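Accompanying notes for the structure given below.
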Amino acid sequence: MDGALTLGLRRSLTSQVAVKCLSLFSLIIGFYYFSNIAQDWVVNETPATRGDIVGLSCCLALCWLFQGAFNALSSRGKAKALDKLEAHLKQVFVARQHALIRQHSVYYWQTLWLQHIQAFTDWALEYRVQQMIAVIVPLLALAVIFYVNPVIGLGLLLTLPVVPLFMIIVGKGAAALHRKHFVAIERLGSLFTDRLAALPMLASFQAHQKQTDLLKQASENLNARTMKVVSVAFLSNSVLDFFATLAVALVAVFIGFSLLGELTIGPAITLQQGLWVLLTVPLLLSEMKKLGQVYHQKAQAEAAQDELYPLFSIPIQDKTHSDEKVESYSERMDKRTSESLLTASNFNVFEMNASLYSSLSSCESETPVLLCADSLNVSKGDKILLSGASGSGKTLLLEALGGQRPASHKFNEPVVWITQHPVVTPGSVRENLCLDDSYTDDELNEVLQAVELGPWLALLPYGLDTVMTDYPLLSGGEAQRLSLARALLRNVNIWLLDEPTAHLPDSQHHRLAQLINRLGENKTLIWASHKALPANWFTHFWAIKDGTVKVASMVSKNEGQGATNE
Numbered sequence: 013m014d015g016a017l018t019l020g021l022r023r024s025l026t027s028q029v030a031v032k033c034l035s036l037f038s039l040i041i042g043f044y045y046f047s048n049i050a051q052d053w054v055v056n057e058t059p060a061t062r063g064d065i066v067g068l069s070c071c072l073a074l075c076w077l078f079q080g081a082f083n084a085l086s087s088r089g090k091a092k093a094l095d096k097l098e099a100h101l102k103q104v105f106v107a108r109q110h111a112l113i114r115q116h117s118v119y120y121w122q123t124l125w126l127q128h129i130q131a132f133t134d135w136a137l138e139y140r141v142q143q144m145i146a147v148i149v150p151l152l153a154l155a156v157i158f159y160v161n162p163v164i165g166l167g168l169l170l171t172l173p174v175v176p177l178f179m180i181i182v183g184k185g186a187a188a189l190h191r192k193h194f195v196a197i198e199r200l201g202s203l204f205t206d207r208l209a210a211l212p213m214l215a216s217f218q219a220h221q222k223q224t225d226l227l228k229q230a231s232e233n234l235n236a237r238t239m240k241v242v243s244v245a246f247l248s249n250s251v252l253d254f255f256a257t258l259a260v261a262l263v264a265v266f267i268g269f270s271l272l273g274e275l276t277i278g279p280a281i282t283l284q285q286g287l288w289v290l291l292t293v294p295l296l297l298s299e300m301k302k303l304g305q306v307y308h309q310k311a312q313a314e315a316a317q318d319e320l321y322p323l324f325s326i327p328i329q330d331k332t333h334s335d336e337k338v339e340s341y342s343e344r345m346d347k348r349t350s351e352s353l354l355t356a357s358n359f360n361v362f363e364m365n366a367s368l369y370s371s372l373s374s375c376e377s378e379t380p381v382l383l384c385a386d387s388l389n390v391s392k393g394d395k396i397l398l399s400g401a402s403g404s405g406k407t408l409l410l411e412a413l414g415g416q417r418p419a420s421h422k423f424n425e426p427v428v429w430i431t432q433h434p435v436v437t438p439g440s441v442r443e444n445l446c447l448d449d450s451y452t453d454d455e456l457n458e459v460l461q462a463v464e465l466g467p468w469l470a471l472l473p474y475g476l477d478t479v480m481t482d483y484p485l486l487s488g489g490e491a492q493r494l495s496l497a498r499a500l501l502r503n504v505n506i507w508l509l510d511e512p513t514a515h516l517p518d519s520q521h522h523r524l525a526q527l528i529n530r531l532g533e534n535k536t537l538i539w540a541s542h543k544a545l546p547a548n549w550f551t552h553f554w555a556i557k558d559g560t561v562k563v564a565s566m567v568s569k570n571e572g573q574g575a576t577n578e
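If you count the sequence shown from 1, you need to add 12 to reach this note's numbering.
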């Protein structure tokens with residue numbers, strides 16, 4: 013896990029461990045001064061010396077200051093780790109976008125973001141810190157206890173290892189239970205969100221009771237798994253408390269009988285030594301108990317490792333086009349060249365977690381190949397119709413060419429991706445068009461007119477600043493036009509169209525298809541569609557069958573007005 017999720021936390025861990033150890037050592041030294049004061053009061057029957065009182069006060073003050081510094085370092089370290097994790101995941105989501113998100117449900121990604129990242133952060137900056145403290149402090153304190161009384165030191169040396177040994181035994185089962193618990197949560201959440209989105213359909217078919225039973229069954233399964241996790245945690249804490257209490261009781265009995273003269277094993281013990289040992293031993297055991305209390309964080313982190321590792325093993329490439337000058341839509345309409353955009357021989361598409369990229373260009377690679385092609389060539393201005401049966405790999409090919417999925421070749425220029433389901437955020441019309449970029453009102457109005465949304469914009473009460481919530485409602489065709497407007501605003505020559513009219517009625521399909529063809533006249537289009545499109549719109553035809561992309565000969569414009577892709 014350390015190799016997969018490198019966050020540069022070594023300095024933060026070292027500083028936290030050092031400060032926490034100083035706090036505990038200050039408290040142990042304070043116990044020494046307190047035991048001296050008790051020795052003077054009880055045995056010597058003299059007032060406490062000024063040195064002991066000053067030493068006790070200084071030690072308690074230092075302990076309080078170091079503990080405050082430790083809390084501040086811990087909070088700062090966790091915030092920094094979370095920022096790094098979230099920043100990396102944002103880069104991964106930006107790089108892989110559609111190819112990554114569609115692999116799992118929305119609830120899965122919410123759980124990963126809200127729980128798995130936090131679980132790793134807690135493990136890295138709480139469990140690991142406590143793990144080091146639970147080793148360093150007891151060893152150093154044991155050295156002093158051995159010097160005071162070897163018999164007590166030997167007894168503690170024999171009993172202390174029982175605590176970490178039991179944590180390891182319980183932790184193996186806890187990690188497996190946490191994995192099963194996460195799967196149950198993800199399944200229940202996905203089932204609930206899916207049924208919530210399908211409420212109109214459930215009402216039409218009167219399937220409420222059946223779906224309620226399914227949700228109840230999934231909920232009971234989650235409750236059972238939750239109770240198993242809780243029972244293991246309760247058992248772990250109970251056993252740790254038992255051994256800690258037993259160890260302290262044995263030390264107290266030995267010291268008590270030694271002070272009474274009933275036991276003469278080892279060197280004689282004074283009240284000062286006995287009291288200092290009795291105050292120190294619970295402190296050592298409490299640090300080991302704290303390790304046991306946070307041991308579930310290790311189990312949670314191990315359960316999250318399988319989900320986080322593929323994401324953090326994805327290399328993030330710098331985008332050098334971010335500083336390019338953004339031209340207006342009207343300035344770009346006249347630009348058209350015939351330069352080559354892609355020349356790929358032995359083209360291959362790999363699995364999402366493949367760590368090999370452009371260096372892989374052979375179907376004989378050990379990495380599983382999902383899609384192959386002998387040769388693919390794309391030049392600026394090409395219009396390519398991509399056909400194939402459902403599930404043949406059209407979306408895989410578009411994701412690979414757009415750089416969202418590991419492949420042997422991809423476009424080196426930015427692309428625009430238009431899918432079947434355009435995303436409409438709850439912000440304003442302006443925010444939906446700009447998407448964190450900056451454009452003038454004239455540019456926004458120009459592209460809305462170009463995609464035939466000018467009349468729609470004129471009806472909005474606040475124009476571009478109207479919030480896209482319950483009002484204004486967008487039809488499927490209007491939402492796709494909004495995504496086209498976003499595409500026109502970007503300085504992008506390549507459009508990847510993944511069946512943008514798949515869920516539209518035939519009338520809207522024809523209108524939107526004609527609009528895309530007209531607006532993309534000076535663009536490079538790779539268009540995947542199951543619906544009929546005029547053949548004379550395209551210059552090349554690609555077909556996917558049995559995991560292979562086949563390039564057909566260019567069809568002349570007079571060969572027909574329709575092309576089907578079944």
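Every residue, glycine too, gets a C-beta built ideally from N, C-alpha and C. Since the structure is predicted, the reported quantities are computational estimates derived from the model, not experimental observations.
heavy atom of the ligand FAD below 6 Å from residue i C-beta
i, result
"W429", "The model depicted lacks the ligand FAD and carries no ligand whatsoever."
Residue range of the unbroken alpha helix (DSSP H) whose run includes residue i
i, result
"N444", "441-446"
"H521", "518-531"
"W135", "It is not in any alpha helix (DSSP H) - W135 carries neither H nor E in the DSSP assignment."
"A491", "488-501"
"P470", "Correcting the residue identity first, residue 470 is Ala in this sequence and not Pro. A470 -> alpha helix (DSSP H) spans 466-470."
"I164", "162-171"
"G42", "22-50"
Through-space distance from residue j to residue i, alpha-carbon basis
i, j, result
"H333", "L247", "With a pLDDT of 40 at H333, under the threshold of 50, the modelled position of that residue is not reliable, and no figure is offered here."
"M213", "W468", "29 Å"
"A99", "L21", "16 Å"
"N503", "M480", "25 Å"
"A146", "L296", "8 Å"
"K222", "S487", "31 Å"
"Q461", "Q130", "46 Å"
"F78", "V141", "15 Å"
"S404", "H433", "20 Å"
"C384", "M144", "51 Å"
"F550", "N424", "23 Å"
"V244", "G89", "29 Å"
"D510", "W539", "6 Å"
"L508", "L409", "10 Å"
"S24", "L74", "21 Å"
"Y120", "P512", "26 Å"
"N48", "A60", "8 Å"
Residue closest to residue i, alpha-carbon to alpha-carbon, out of the options
i, options, result
"R199", "I157, S86, T123", "T123"
"H542", "V306, L516, F266", "L516"
"L276", "V163, F324, F362", "Reading off the sequence, residue 276 comes out as Thr, not Leu. That would be V163, whose Cα lies nearest to the Cα of T276."
"V441", "G403, Q432, L494", "L494"
"N161", "F37, I49, T282, L72", "T282"
"D477", "P322, C446, A401, L272", "C446"
"R417", "V141, V381, Q312", "V381"
"L323", "L97, A259, L460, Y139", "L97"
"L112", "N529, T560, E363", "E363"
"H521", "A544, Q51, N548", "A544"
"F553", "T513, T437, K406", "K406"
"I197", "A60, L234, S38", "L234"
"T292", "N358, V263, Q309, F132", "V263"
"S352", "V361, N389, L72, F359", "N389"
"V54", "L413, L287, E411", "L287"
"L137", "V435, S298, A313", "A313"
"K400", "R207, K557, P294", "According to the sequence as given, residue 400 is Gly; it is not Lys. It is K557 whose Cα lies nearest to the Cα of G400."
"E299", "I65, V561, S35", "S35"
N- and C-terminal bounds of the beta strand (DSSP E) containing residue i
i, result
"S387", "381-391"
"L537", "536-540"
"N358", "352-362"
"V563", "560-564"
"K557", "552-557"
"W507", "506-510"
"I430", "427-430"
Are there three or more Cβ pairs, one per stretch, closer than 8 Å when the segment 148-168 is compared with the segment 95-109? No, they do not touch.
Contact between the segment 524-537 and the segment 378-394 is defined here as three or more beta-carbon pairs at a separation below 8 Å; is this criterion met? Touching, per the Cβ criterion.
Would you call the segment 469-481 in contact with the segment 418-432, where contact means no fewer than 3 C-beta pairs closer than 8 Å? Too few Cβ pairs lie closer than 8 Å, so no.
In chain order, what are the residue ranges of uninterrupted beta strand (DSSP E) at least 3 long that sit wholly in the segment 68-112? None, since the segment 68-112 contains no complete beta strand (DSSP E) of that length.
Touch test, the segment 163-173 against the segment 316-324, Cβ-Cβ under 8 Å, three pairs minimum: Touching, no, given that fewer than three Cβ pairs across the two stretches are closer than 8 Å.
Can you confirm whether the segment 86-94 touches the segment 38-45 when touching is taken to mean that 3 or more C-beta pairs between the two stretches lie within less than 8 Å? Under the Cβ criterion (8 Å, minimum of three pairs), the segment 38-45 does not count as touching the segment 86-94.
Start-end ranges of the alpha helix (DSSP H) lying completely within the segment 204-251, minimum 4 residues: Listed in chain order, the complete alpha helix (DSSP H) runs (minimum 4 residues) inside the segment 204-251 are 211-217.
Three Cβ pairs or more, each shorter than 8 Å: is that satisfied between the segment 253-270 and the segment 225-243? With a cut-off of 8 Å, the segment 225-243 and the segment 253-270 do not count as touching, because too few Cβ pairs lie within range.
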